[in-house]
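Undergrad: Residue numbers (our numbering): 226 to 570. Cβ atoms here follow ideal geometry from the backbone N, Cα and C, with glycine treated the same way. All figures in this text were calculated on a predicted structure; none of them were measured in a lab.
So this is what it looks like as structure tokens:
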């Protein structure tokens with residue numbers, strides 16, 4: 226498969242830069258396994274799902290990992306993407322090419338970090354001089370939310386709440402699992418009243434989710450690992466639901482990737498703890514989920530390839546064309562779609 230097979234034209238004015246208020250007022254495009262489409266709002270979800278369905282959500286919490294600083298006389302912006310052990314952190318830096326081992330960077334909150342190494346992929350290893358939990362606390366006080374690059378403004382105070390899902394619990398993500406942004410307390414109450422259950426897992430969203438594909442062939446893309454965990458209790462609830470004939474509804478592509486990393490050939494989801502590098506493309510046999518709630522994704526992205534794998538590239542391209550023509554809002558702060566495969570016989 227070629228990457229350009231997953232391209233499409235998106236007018237710039239379809240890219241959302243703020244979420245709608247209230248969150249569950251976002252639009253929702255329902256697409257079934259035959260490609261039929263109907264238009265709703267997210268608050269309609271209880272009547273679109275079935276009593277007994279289980280929503281599987283990602284409870285990762287976004288850390289405000291972006292910091293401004295200066296090295297010598299050069300302004301620098303760094304985004305911390307992962308602890309390498311002790312006080313060492315891998316960061317994405319701009320401009321990375323001007324940072325050399327031995328240099329010091331003055332960062333927000335009077336933090337001085339030393340450049341340890343610069344990697345071939347452009348990442349930089351910094352020694353921040355404090356342990357992981359202490360540095361995370363520093364980021365909470367002095368960091369900014371790491372908004373995606375297609376939102377062409379700096380993060381502000383609103384983003385500290387807007388770019389966090391209602392399920393956020395375990396700190397570790399550098400981007401929000403955006404399908405979860407549409408849920409509100411009143412919607413959760415309505416779902417529970419309808420008999421729809423909920424289970425949480427954790428996948429700390431990292432660069433692997435949104436890293437652009439720079440190869441011509443899909444198979445040549447190197448998917449970076451992201452850490453996730455499915456507890457024994459969560460796995461047991463998912464398996465019990467499946468065994469009783471209930472549907473598993475994944476909230477977000479990150480949830481799909483972790484579930485599909487933990488499921489065996491018979492459809493049993495096992496407890497999981499560790500990195501996943503699973504890259505889901507057309508031809509993947511889905512074993513863990515029956516439906517998917519997700520936002521609208523970038524062209525040529527791993528996420529668009531995942532939804533094409535789930536319902537078919539032709540169906541998803543037509544659905545996206547319909548959404549563009551209908552003024553749906555795209556990407557992290559945009560609208561959502563509910564993709565439901567036909568229940569197997």
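#1: Examine the Cβ distances between the segment 470-483 and the segment 395-409 and report whether three or more of them are shorter than 8 Å.
#2: Please look up how many angstroms separate the CB atoms of residue 257 and residue 565, rounded, as I've assumed it's under 8 Å.
#3: Between residue 294 and residue 333, which are expected to be in contact by the criterion C-beta below 8 Å, what is the C-beta distance as a whole number of angstroms?
#4: Should residue 349 and residue 306 be called a contact, given that it needs their Cβ atoms to be closer than 8 Å?
#5: Work out the CA separation of residue 341 and residue 331 for me, nearest whole Å.
#6: Under DSSP, the beta strand (DSSP E) around residue 300 begins and ends at which residues?
#7: Which runs of the alpha helix (DSSP H) spanning at least 4 residues fall entirely within the segment 303-390, listed in chain order?
#8: Verify whether the separation of the beta carbon atoms of residue 533 and residue 544 is less than 8 Å.
#9: Is it the case that the Cβ atoms of residue 266 and residue 248 are separated by a distance below 8 Å?
#10: How many angstroms separate the CA atom of residue 376 from the CA atom of residue 370?
#11: Mind listing, in chain order, the continuous beta strand (DSSP E) runs of no fewer than 3 residues lying wholly within the segment 269-294?
#12: Which two residues bound the contiguous alpha helix (DSSP H) that contains residue 539?
#13: Using C-beta distances below 7 Å, list every residue in its chain close to residue 509, excluding the 5 sequence neighbours before and after it, in chain order.
#14: Below 6 Å CB to CB, which residues in the same chain sit around residue 455 once its five sequence neighbours on both sides are set aside?
#15: If distances are taken between C-alpha atoms only, which option among 452, 301, 554, 312 comes closest to residue 323?
#16: Using three-state DSSP, classify residue 481 as helix, strand or coil.
#17: Along the chain, where does the alpha helix (DSSP H) that runs through residue 254 open and close?
#18: Buried or exposed for residue 229, going by 16 or more other Cβ atoms inside 10 Å?
#19: Excluding the 5 residues preceding and the 5 following residue 360 in the sequence, name in chain order all residues of the same chain whose CB lies nearer than 6 Å to its CB.
#20: Output needed for residue 528: all residues of its chain with C-beta closer than 6 Å, excluding positions within five of it in sequence on either side, in chain order.
#21: Does DSSP classify residue 433 as helix, strand or coil?
#22: Going by DSSP, what residues sit across from residue 520 in a beta bridge?
#23: Given this structure, state the Cα-to-Cα distance separating residue 570 from residue 520, to the nearest angstrom.
#24: Just verifying my parser: in three-state terms, what is the DSSP assignment at residue 506?
#25: Roughly how many whole angstroms lie between the Cα atoms of residue 320 and residue 304?
#26: Just checking my contact of residue 501 with residue 551 at CB under 8 Å: how many whole Å lie between their CB atoms?
TA: Taking the definition as stated:
#1: They touch, by the three-pair rule.
#2: Between residue 565 and residue 257 the Cβ distance is about 5 Å, and since that is below 8 Å, they are a contact.
#3: The Cβ separation is near 7 Å, so the contact holds.
#4: Contact flag unset, no.
#5: The straight-line gap from Cα to Cα measures roughly 15 Å.
#6: Taken as a continuous stretch (DSSP letters only), the beta strand (DSSP E) holding residue 300 covers 299-310.
#7: Within the segment 303-390, the complete alpha helix (DSSP H) runs of at least 4 residues are 357-367, 384-387.
#8: Cβ distance not < 8 Å, so residue 533 and residue 544 don't count as in contact.
#9: Taking 8 Å as the cut-off, the beta carbon of residue 266 is found no closer than this to the beta carbon of residue 248.
#10: Between the alpha carbons of residue 376 and residue 370 lies a gap of roughly 12 Å.
#11: Complete beta strand (DSSP E) runs here, min 3: 279-283, 285-287.
#12: Per DSSP, residue 539 is one residue of the alpha helix (DSSP H) stretching across 538-550.
#13: Same-chain partners within the cutoff: 534.
#14: Same-chain partners within the cutoff: 426, 487, 496, 497.
#15: Looking only at 452, 301, 554, 312, the smallest Cα-Cα distance to residue 323 is reached by 301.
#16: Three-state DSSP puts residue 481 in a helix.
#17: Annotation for residue 254: no alpha helix (DSSP H) segment contains it, though the beta strand (DSSP E) segment containing it runs 252-257.
#18: Residue burial annotation: residue 229 is exposed, with fewer than 16 other C-beta atoms found within 10 angstroms of its C-beta.
#19: So the qualifying residues of the chain are 353.
#20: Result list for residue 528: 478, 522, in chain order.
#21: In the structure shown, residue 433 adopts helical secondary structure according to DSSP, grouped into three states.
#22: DSSP output for residue 520 lists 561 as bridge partner(s).
#23: Caution applies to residue 570, whose pLDDT of 30 falls short of 50 and renders its modelled position unreliable; the model cannot decide the point.
#24: Secondary structure of residue 506 (DSSP, three-state): coil.
#25: Taking the straight line from one Cα to the other gives about 12 Å.
#26: In this structure residue 501 does not touch residue 551 by the C-beta definition: roughly 34 Å separates them, more than the 8 Å allowed.
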